[in-house]
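Asker: Here you go, one structure.
There are 2 protein chains.
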Amino acid sequence: MQKEITIYDLARELKLSPATISRGLKKSPALNKTTVQRILAKAEEMGYRHNNFASSLRNKRTQTLGIIVPRLNSYFMTSILAGMEDVASKEGYDLIISQSLEKMELEKSNASTMFNKRIDGLLISLAYTTTDIAHIQPFFDKQIPVVFFDRSFPGVESTSVVIDNYQAAYKATTHLIEQGCKKIMHLTGNLTRDIYADRLKGYKQALEENKIAFDEKRVLVSTLNEQDATTAANTILAMDAEQRPDAVFCANDLSAVYCMVHLKQHGIKIPDDIAFAGFNNDAVSRMIDPNLTTIDYPGNKIGEVAVSCLINLLKGDESVKNTNRIILHSSLLIRESSLKKK
Amino acid sequence: MQKEITIYDLARELKLSPATISRGLKKSPALNKTTVQRILAKAEEMGYRHNNFASSLRNKRTQTLGIIVPRLNSYFMTSILAGMEDVASKEGYDLIISQSLEKMELEKSNASTMFNKRIDGLLISLAYTTTDIAHIQPFFDKQIPVVFFDRSFPGVESTSVVIDNYQAAYKATTHLIEQGCKKIMHLTGNLTRDIYADRLKGYKQALEENKIAFDEKRVLVSTLNEQDATTAANTILAMDAEQRPDAVFCANDLSAVYCMVHLKQHGIKIPDDIAFAGFNNDAVSRMIDPNLTTIDYPGNKIGEVAVSCLINLLKGDESVKNTNRIILHSSLLIRESSLKKK
DNA sequence: TTGTACGCGTTATCAT
DNA sequence: ATGATAACGCGTACAA
């Protein structure tokens with residue numbers, strides 16, 4: 001490893017002081033325009049690169065934001081990240097991304113790693129299995145701003161960027177009812193995650209408004225993975241004609257698709273026998289036959305808003321400090337999977 | 001932000017020197033066992049956290065590896081990352097992950113960011129549009145080890161962890177031929193990416209061995225995204241019975257699925273009219289009807305091997321330096337999309 | 001407008 | 001087995 005160029009090297013070459021170089025590299029307005037130009041030119045010429053460590057050591061700031069997500073494998077997540085990356089880079093922040101793989105344990109260790117890396121702020125969407133947020137406490141204690149997105153925690157006093165899950169679920173369920181469905185099953189995730197609790201509420205509300213009795217046995221809680229969705233499908237197949245639902249509203253597209261695939265293999269016609277609605281507008285929703293009715297919400301926007309928020313908090317913007325819930329708009333995309341032939 | 005605990009604070013409390021504390025925190029064998037214990041206990045008690053910046057500043061090492069991937073949205077990619085994460089964390093390295101979104105420009109800027117962050121080593125899978133690797137040169141110049149995985153660059157003198165794309169494509173094509181297909185189309189990506197060039201070679205070889213004339217018009221090069229796959233489907237639909245292929249071998253599952261979906265919508269029967277084979281064993285390959293025949297290869301393993309390799313290079317292991325191509329095994333998964341009814 | 005000088009927290013070297 | 005010291009590269013208070 002050959003020697004790195006430092007501000008001292010530039011100083012020597014230009015017969016200026018290191019302090020001036022330091023200022024010049026940041027285009028300090030206190031400096032002579034031409035001096036700044038000379039410094040930048042020389043830096044370029046000599047291949048100078050800014051040393052983040054030395055800088056962070058002085059500033060006690062890393063210009064790095066940490067992101068913890070459940071999984072990176074959905075289009076939805078990657079568009080959130082794209083939105084975050086966009087705003088962050090414009091503001092001069094770098095991102096460190098890690099996955100909890102839906103496990104609280106991993107979420108804890110990721111949070112701890114990021115804490116030790118001294119990220120300036122944290123963006124987090126909670127894992128299925130996260131039951132408390134003690135692992136976030138160190139950030140709160142050190143006044144490091146935290147923004148929750150998508151999956152937040154009930155009662156947390158941090159900012160959250162979310163959608164109105166209640167409304168979205170209400171719309172989807174109402175739509176299924178309008179198609180003539182009366183026995184609507186709801187396949188959802190851990191109800192301690194507020195997004196799922198809210199979706200359940202919306203589902204219930206739609207039933208109630210249409211005078212359909214809520215039946216607890218029609219709500220299946222699972223981790224929404226392939227296996228659980230297949231199990232759900234088998235549960236449905238095992239039901240007699242009386243019990244069997246005429247529609248399923250799933251809390252995400254993937255579980256809806258896995259469930260549909262298994263039912264189709266066993267001769268169930270979709271949407272005629274059972275109509276389907278999902279959530280997230282994943283790419284698969286348009287690959288499956290019939291295309292899946294789903295809830296679309298803007299991943300990019302969520303990412304952008306969450307990071308803007310965080311950066312405002314870092315700047316000490318008081319007005320943001322008091323806004324602790326930002327709700328973005330979502331919409332119902334009606335496709336064939338829920339359109340019963342009349 | 002309250003004050004951080006440093007080794008000086010620990011030193012004062014324990015009436016030891018900072019140097020001893022530093023050694024103790026790393027469990028130096030030169031120290032008295034009991035001293036080490038006292039130091040660790042006190043550190044814990046006072047809430048000491050190691051300061052990476054100060055440490056990196058001294059060591060000129062960051063214990064961080066950079067990863068640049070085209071996209072994070074496939075199961076294949078996330079399993080590679082999981083494998084990488086696994087080995088890296090065991091060896092005490094952190095990861096910084098970024099996406100090129102298949103664009104060379106973004107890949108360049110990501111590489112530059114990582115270079116400036118002074119990562120200790122780089123893991124990269126090239127974007128579709130990457131035509132040269134001048135942006136990697138700074139790493140070579142500074143002797144920062146680089147390992148290519150999955151998508152490498154022809155003639156590069158770095159280590160690559162790949163699969164035998166030639167063999168895999170050969171097997172897939174041969175399988176299609178065995179099903180009685182004679183007019184096999186190949187839908188692939190940019191041929192400057194060696195994985196695609198190799199797959200094309202394997203495809204050609206299989207044709208040749210079966211005395212089927214190679215027809216250039218049957219090879220469609222694209223970026224393999226949704227739009228291109230749909231365009232390919234339209235191209236097929238526009239062909240007359242004579243020209244129209246009886247099978248399509250796609251260089252990835254996603255494009256195969258998009259293509260199939262569009263053809264199905266236009267009344268083409270799969271596999272009877274046109275058989276399909278993909279590549280990667282993505283989750284969608286088992287969601288689509290009929291299930292997609294594909295090439296499976298172990299993402300986890302690729303990730304693990306690539307990181308082990310990189311870490312060995314960092315340790316100055318000469319034996320690794322000379323191995324510059326590690327080829328992992330892949331296998332053909334036969335599913336309904338390619339099984340013609342006899 | 002530019003320079004001087006010190007400190008950020010850690011660790012390698014040398015000394016004890 | 002432990003201590004003293006310098007150095008890593010940068011930024012800033014203070015001085016000029």
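Note that the protein sequences, when read in sequence, are chains F and B. According to full-length UniProt numbering, the residues represented by the first sequence are 1 to 342, in order. According to full-length UniProt numbering, the residues represented by the second sequence are 1 to 342, in order. For glycine and all other residues, C-beta sits at the position ideal for the given N, C-alpha and C.
1) Per DSSP, what kind of secondary structure is cysteine 309/F in: helix, strand or coil?
2) Measure from the alpha carbon of threonine 130/F to the alpha carbon of each residue in Pro154/F, Leu122/F, Thr113/F, then state which is nearest.
3) Leaving out five residues before and five after methionine 46/B in sequence, what residues of the same chain have Cβ atoms less than 8 Å from its Cβ?
4) Which partner residues of isoleucine 68/F appear in the DSSP bridge assignment?
5) List, in order along the chain, the chain F residues whose C-beta lies closer than 8 Å to that of lysine 264/B?
6) List the whole-angstrom C-beta distance separating leucine 123/F from phenylalanine 149/F, where the pair is believed to meet the contact cut-off of C-beta under 8 Å.
7) What is the rounded straight-line gap between the Cα of histidine 175/F and the Cα of threonine 294/B?
8) So, using beta-carbon positions, are aspartate 141/B and leucine 314/B closer together than 8 Å?
9) Tell me which residue opens and which closes the alpha helix (DSSP H) that threonine 34/F is part of.
10) If contact means a Cβ-Cβ distance below 7 Å, which residues of the UniProt domain "HTH lacI-type" (5 to 59) of chain B contact chain F?
11) Taking Cβ to Cβ, would you say lysine 182/B is nearer than 8 Å to aspartate 246/B?
12) Give the straight-line distance between the Cα atoms of asparagine 312/B and serine 22/F, rounded to the nearest whole angstrom.
13) Mind checking if lysine 117/F is an interface residue toward chain B, Cβ cutoff 8 Å exclusive?
14) Under 8 Å between beta-carbons, which chain F residues line up against threonine 78/B? List them in chain order, please.
15) Out of Asn190/B, Ile288/B, Ala54/B, which has the shortest C-alpha to C-alpha gap to threonine 62/B?
16) Would you give the residue range spanned by the beta strand (DSSP E) that leucine 16/F belongs to?
17) Alpha helix (DSSP H) containing histidine 262/F: first to last residue?
18) Could you name the residues that DSSP lists as bridge partners for aspartate 296/F?
19) Quick one: is isoleucine 334/B near chain F, going by C-beta distance under 8 Å?
20) Report yes if the C-beta distance between methionine 84/F and valine 320/F is below 8 Å; otherwise report no.
21) Hey, out of Arg49/B, Val147/B, Ser89/B, Pro29/B, whose CA is closest to valine 69/B's CA?
22) Using 8 Å as the limit for Cβ to Cβ distance, is valine 284/B near chain F?
23) What does the Cβ neighbour count give for arginine 151/F, buried or exposed, with the cut at 16 atoms within 10 Å?
24) Beta carbons nearer than 9 Å to chain F: which residues of the segment 240 to 257 of chain B have them?
25) Under 7 Å, CB to CB, which of the residues in the segment 130 to 154 of chain F have a partner in chain B?
26) Under three-state DSSP, which class holds methionine 104/B?
27) Taking 6 Å as the limit between beta carbons, can you name the residues of its chain near phenylalanine 115/F, skipping five residues before and five after?
28) Rank Lys341/B, Lys340/B, Ile195/B, Tyr297/B by C-alpha distance to the C-alpha of tyrosine 75/B and give the top, closest one.
29) Can a CB atom of chain B be found closer than 8 Å to the CB of valine 261/F?
30) Below 8 Å between beta carbons: does that hold for threonine 188/F and valine 219/F?
31) Nearest by alpha-carbon distance to alanine 169/B: which of Leu207/B, Leu292/B, Lys60/B, Gln265/B is it?
32) Establish whether the CB of aspartate 94/F and some CB of chain B are separated by less than 8 Å.
33) Go ahead and pull the three-state DSSP assignment for methionine 185/B.
34) Is it the case that the CB of proline 138/F approaches a heavy atom of the ligand SAM more closely than 7 Å?
35) Helix, strand or coil: how does DSSP classify phenylalanine 53/B here?
36) Against threonine 113/B, what residues of chain F qualify as contacts under a CB-to-CB distance less than 8 Å, listed in chain order?
Answerer: The structure says:
1) helix
2) Measuring C-alpha to C-alpha distances from threonine 130/F to each of Pro154/F, Leu122/F, Thr113/F identifies Pro154/F as the nearest.
3) These residues qualify, in order along the chain: Ile5, Asp9, Leu10, Glu13.
4) The partner list for isoleucine 68/F (beta bridge, DSSP) reads Ser98/F, Ile124/F.
5) Neighbours of lysine 264/B on chain F, chain order: Asp289.
6) 6 Å
7) Between histidine 175/F and threonine 294/B, the C-alpha separation is close to 37 Å.
8) no
9) 33 to 46
10) Arg49, His50, Asn52, Phe53, Ala54, Ser56, Leu57
11) yes
12) 37 Å
13) Interface criterion met: the Cβ of lysine 117/F is under 8 Å from a Cβ in chain B.
14) Arg71, Leu72, Asn73, Gln99
15) Ala54/B
16) Per DSSP, leucine 16/F belongs to no beta strand (DSSP E) and is neither H nor E.
17) Here the alpha helix (DSSP H) through histidine 262/F covers 253 to 265.
18) Ser331/F
19) no
20) no
21) Comparing alpha-carbon positions, the option among Arg49/B, Val147/B, Ser89/B, Pro29/B lying closest to valine 69/B turns out to be Val147/B.
22) Cβ-Cβ to chain F under 8 Å: yes for valine 284/B.
23) buried
24) Leu254, Val257
25) Lys142, Gln143
26) Shown here, methionine 104/B sits in a helix according to DSSP, grouped into three states.
27) So the list reads Pro138, once near-sequence residues are dropped.
28) Tyr297/B
29) In terms of beta-carbon proximity, valine 261/F lines the interface with chain B, with at least one pair separated by less than 8 Å.
30) Against a cut-off of 8 Å, the Cβ pair of valine 219/F and threonine 188/F comes out as a contact.
31) Leu207/B
32) yes
33) strand
34) Ligands are entirely absent from the displayed structure, and the ligand SAM is therefore not among its contents.
35) In the structure shown, phenylalanine 53/B adopts helical secondary structure according to DSSP, grouped into three states.
36) Asp94
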